[in-house]
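Student: Numbering (my numbering), first residue to last: 1 to 471.
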Amino acid sequence: MKRMHKVVLSYLILFSTLSMAESLYDMNGSKIGLHNKTNGPKALVKTEGTVKNEHSSSVVIRSPQDTFFISKGSSEQWLEMEKNMNYSICIQNDDENGFWKGKNFSYEKTGTCVKINSGKYIKSGQLQYVTSLGHMYTLNLLVGMKYIDLSKEKHLLGGYSGSADISPINRSSMVYKLSDPVRFDSIKEILVVDKYKVTECEFIHALWDSIPVQTSENLYDNNNYWIKKKKSMVKNGLCDTHDSAAVRIYLYQALVYANNRSLQDGFKPVYILEETKEKNLSFNAYNDGSFNIVGFRFFPDSADGKKYYHVKIDKDADGYRLPYYDEWTALARGGKGYESLINFWERSTDSLEATKYAWFGQKDPEDKYLKMDEKDGIEGGWLRHSCGEWSQKSRPVGMLKPNAYGLYDIQGLVCENVLMPGKSLFGNEVYSCRGGFLTTSFKDLKIANHCDDYKRFSRTYQGLRLVRQIK
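1) Assuming Ser282 and Phe291 make a contact with CB atoms under 8 Å, what is their CB distance in whole Å?
2) When the Cα of Cys113 is compared with those of Gln469, Thr67, Phe442, which residue comes out closest?
3) Should the region 247-260 be called in touch with the region 215-232, which here means at least 3 C-beta pairs below 8 Å?
4) By Cβ distance, which residues of its chain are closer than 6 Å to Ile474, with the 5 residues on each side in sequence left out?
5) What do you reckon, are the CB atoms on Val418 and Leu322 nearer than 9 Å?
6) Exposed or buried, Gly335, counting other C-beta atoms within 10 Å across all chains shown (16 or more means buried)?
7) Which ranges would you report for the alpha helix (DSSP H) in the region 192-261 if only whole runs of at least 4 residues count?
8) Three or more beta-carbon pairs under 8 Å between the region 257-273 and the region 310-320, yes or no?
9) Report the rounded CA-to-CA distance for Gly144 versus Ser118, giving the unit in angstroms.
10) By the three-class DSSP mapping on this structure, what secondary structure does Leu466 have?
11) Based on the DSSP output, what are the partners of Gly412 in its beta bridges?
12) Between Trp359 and Leu400, is the Cβ-Cβ spacing less than 9 Å?
13) Which residue from Tyr325, Asn218, Lys231 puts its Cα closest to that of Gly435?
14) By a C-beta neighbour count over all protein chains shown, 10 Å radius and 16 as the cutoff for buried, is Leu352 buried or exposed?
15) Suppose the cutoff is 8 Å on Cβ atoms and the five residues either side in sequence are ignored; what does the same chain contact list for Gly98 look like?
16) Quick check on Ile378: buried or exposed, where buried means 16 or more other Cβ atoms within 10 Å of its Cβ?
17) Indicate whether Arg465 and Val192 have their beta-carbon atoms separated by less than 9 Å.
18) Tyr137 bridges to which residues according to DSSP?
19) Can you give me the C-alpha to C-alpha distance between Ile293 and Gln462, rounded to a whole angstrom?
20) Quick check on Ala330: buried or exposed, where buried means 16 or more other Cβ atoms within 10 Å of its Cβ?
21) Could you tell me which of Lys371, Glu327, Val414, Thr440 sits nearest to Gly361, measuring between CA atoms?
22) At what residues does the alpha helix (DSSP H) containing Trp472 begin and finish?
23) Tell whether a beta-carbon distance below 9 Å holds between Ser386 and Leu413.
24) What's the C-alpha gap between Asn170 and Gly388?
25) Taking Cβ positions, are Tyr257 and Phe299 nearer each other than 9 Å?
26) Run through DSSP, which three-state label would Ser163 get?
27) On the criterion of 16 or more Cβ atoms from any shown chain inside 10 Å, does Glu429 qualify as buried, or is it exposed?
28) Based on the DSSP secondary-structure assignment, which residues constitute the bridge partners of Ser118?
29) Between Gly125 and Leu150, is the Cβ-Cβ spacing less than 9 Å?
30) In angstroms, rounded to a whole number, what distance separates the CA positions of Val198 and Ser391?
31) Starting from Asp326, follow the alpha helix (DSSP H) in both directions and report where the run begins and ends.
32) How many Å lie between Gln77 and Leu139 at the Cα?
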């Protein structure tokens with residue numbers, strides 16, 4: 001009887017621990033309360049606090065499989081899954097008196113196992129198993145994401161390696177500069193990283209209520225592009241793993257998407273976006289690493305739909321964000337053994353080998369930039385700033401081979417938005433776009449290449465891949 005009382009008491013303590021205070025945030029990263037309300041089609045999601053596992057001594061990472069057999073030797077594990085799949089998770093060597101608690105996942109218990117469906121969208125969540133003696137084991141579930149510990153080794157960073165690199169690489173890339181030297185350096189972060197580029201379906205469903213039903217001549221082409229895409233979808237519909245990559249995402253939309261992904265998974269948003277009249281679009285406007293951007297909203301309340309936003313980074317937030325410049329470089333190269341300045345596929349100079357890993361070298365014969373003359377004074381100027389403007393379509397993600405970290409399409413197809421860490425590297429940019437495009441030639445498909453938007457908001461072709469910092 002005493003043992004039963006102890007077990008019941010343990011359960012009650014755990015239930016009270018798992019019941020966290022709730023906070024409410026909007027997609028601009030602002031906390032909502034009695035004196036701070038929100039207007040417009042912004043998603044509001046209650047966020048739960050996280051439970052610290054006092055028994056955690058080691059971390060185990062498991063790649064996708066139909067059934068995960070969990071050893072009680074490690075109290076924290078990361079399970080990588082794909083969308084739209086059924087999985088079984090079984091605790092080994094335990095009686096059937098334990099209980100399960102889930103966050104973001106529904107489950108069906110059968111003995112010491114649970115059956116779950118990974119769901120229609122990329123997401124993360126937790127299952128916790130508590131034994132009859134009160135020991136808790138945490139299973140972190142990653143759907144469409146990878147657990148990557150960058151702190152285990154030094155990484156080859158940078159793009160400048162000598163005087164030969166000073167000249168422009170091509171007419172659609174910025175130059176390499178001394179401010180980004182080649183070096184081996186440490187990155188302390190442990191990250192959860194999107195396995196694939198964000199797809200059209202994922203982007204639209206995350207921002208569904210923020211995208212109008214009808215196109216409008218008062219909106220910019222990119223906004224109308226997404227409205228047309230939305231018309232072909234059903235709300236809460238299934239997103240295929242190999243849907244086409246989202247290739248037309250403004251920086252403002254990328255930040256709002258990251259915040260909404262955070263809210264949907266119960267994390268605190270990283271970006272705080274506040275309207276401002278300050279039009280200095282560089283880090284020079286502030287001394288705290290924050291910056292201003294132009295935001296083109298789907299529901300404009302001004303004639304051109306354009307507003308300026310002051311973007312602050314909440315360093316205490318646990319939500320999704322864009323990678324920083326050096327983080328992306330390390331993720332793209334794939335770790336030890338892949339220290340190439342050019343690519344991650346075994347330093348091969350064979351374009352046929354590259355086609356196994358990247359979409360590239362495909363140009364629309366009707367593209368206006370293809371018909372321009374580099375030697376012409378005006379057209380040459382347009383070409384020098386043409387990255388992200390060459391007409392291109394999308395391609396399905398995850399159809400080619402991944403790099404050594406298991407990340408797909410990180411070179412080619414469409415560049416990925418990354419932020420600068422509080423200072424500019426090449427001029428006065430606050431962000432860059434890395435990885436190249438579907439239109440990039442094999443000769444120019446280099447990891448160190450970057451497309452910088454001197455306007456800070458409106459490159460037509462931009463994509464993204466989110467990360468979440470674990471440590």
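We put the beta carbon where it would ideally sit given N, CA and C, even for glycine.
Quantities reported herein were computed from a predicted structural model and do not represent experimental measurements.
Tutor: Quick answer:
1) Taking the sequence shown and counting its residues from 1, the one referred to as residue 282 is at position 282. Taking the sequence shown and counting its residues from 1, the one referred to as residue 291 is at position 291. Going by Cβ atoms, the distance from Ser282 to Phe291 rounds to 7 Å, so yes, they are a contact pair.
2) Residue 113 sits at position 113 when you count from the first residue of the sequence shown. Taking only the C-alpha atoms, the option nearest Cys113 is Thr67.
3) yes
4) No answer is possible for residue 474: the residues shown for the chain start at 1 and end at 471.
5) Translated into positions along the sequence shown, residue 418 becomes position 418. Translated into positions along the sequence shown, residue 322 becomes position 322. A contact, by the Cβ cut-off of 9 Å.
6) As a working mapping, residue 335 is identified with position 335 in the sequence shown. Gly335 is buried by the Cβ-count criterion.
7) 200-206, 221-231
8) yes
9) Here residue 144 refers to the residue found at position 144 of the sequence shown. Here residue 118 refers to the residue found at position 118 of the sequence shown. Rounded to whole angstroms, Gly144 to Ser118 spans 10 Å at the Cα level.
10) Indexing the sequence shown from 1 puts residue 466 at position 466. Leu466: coil per DSSP, three-state reduction.
11) Numbered from its first residue, the sequence shown carries residue 412 at position 412. Bridge partners of Gly412: Trp359.
12) Mapped onto the sequence shown, residue 359 falls at position 359. Mapped onto the sequence shown, residue 400 falls at position 400. In this structure, Leu400 lies closer than 9 Å to Trp359 by Cβ.
13) As a position in the sequence shown, residue 435 is number 435, starting the count at 1. The shortest Cα separation from Gly435 among Tyr325, Asn218, Lys231 belongs to Tyr325.
14) Position 352 of the sequence shown holds residue 352. With fewer than 16 Cβ atoms within 10 Å of its Cβ, Leu352 is classed as exposed.
15) Along the sequence shown, one-based indexing puts residue 98 at 98. Cβ within range, chain order: Ile91, Thr112, Tyr129, Val130, Thr131, Ser132.
16) Position 378 of the sequence shown, counted from the first residue, corresponds to residue 378. Looking at its Cβ environment, which holds fewer than 16 other Cβ atoms inside 10 Å, Ile378 is exposed.
17) Reading the sequence shown from its first residue, position 465 is the one you call residue 465. Reading the sequence shown from its first residue, position 192 is the one you call residue 192. For Arg465 and Val192, no; Cβs fall outside 9 Å.
18) Translated into positions along the sequence shown, residue 137 becomes position 137. Per DSSP, Tyr129.
19) In the sequence shown, counting from the first residue as 1, residue 293 sits at position 293. In the sequence shown, counting from the first residue as 1, residue 462 sits at position 462. C-alpha separation (whole angstroms): 16 Å.
20) The sequence position of residue 330 within the sequence shown is 330, counting from 1. So Ala330 counts as buried.
21) Along the sequence shown, read from residue 1 onward, the residue named residue 361 stands at position 361. Gly361 has its Cα closest to that of Thr440, out of Lys371, Glu327, Val414, Thr440.
22) What is shown of the chain runs 1 to 471, which leaves residue 472 out entirely.
23) For the purposes of this step, residue 386 is identified with residue 386 of the sequence shown, where counting begins at 1. For the purposes of this step, residue 413 is identified with residue 413 of the sequence shown, where counting begins at 1. It is not a contact, given that the beta carbons lie outside the stated cut-off.
24) Counted from its first residue, the sequence shown places residue 170 at position 170. Counted from its first residue, the sequence shown places residue 388 at position 388. Low local confidence applies: a pLDDT of 39 at Asn170 is under 50, so the model's placement there is unreliable, with the coordinate-based value given in what follows. Approximately 13 Å between the Cα atoms of the pair.
25) To locate residue 257, count along the sequence shown from 1; it is residue 257. To locate residue 299, count along the sequence shown from 1; it is residue 299. No.
26) Your numbering for residue 163 matches position 163 in the sequence shown. Since pLDDT at Ser163 reaches only 40, below the 50 mark, its modelled position is unreliable, and the value read off the structure follows with that caveat. Three-state DSSP puts Ser163 in a helix.
27) Position 429 of the sequence shown, counted from the start, is the residue given in the question as residue 429. Glu429 should be labelled buried.
28) Your numbering for residue 118 matches position 118 in the sequence shown. For Ser118, which the question treats as bridged, DSSP gives no partner whatsoever.
29) Here residue 125 is taken as the residue at index 125 of the sequence shown, counted from 1. Here residue 150 is taken as the residue at index 150 of the sequence shown, counted from 1. No. Outside cutoff.
30) As a first step, residue 198 must be located in the sequence shown, where it is residue number 198. As a first step, residue 391 must be located in the sequence shown, where it is residue number 391. Those two C-alpha atoms are separated by around 19 Å.
31) As a first step, residue 326 must be located in the sequence shown, where it is residue number 326. That run of the alpha helix (DSSP H) goes 325-333.
32) By 1-based counting over the sequence shown, the position of residue 77 is 77. By 1-based counting over the sequence shown, the position of residue 139 is 139. Whole-angstrom Cα-Cα distance: 5 Å.
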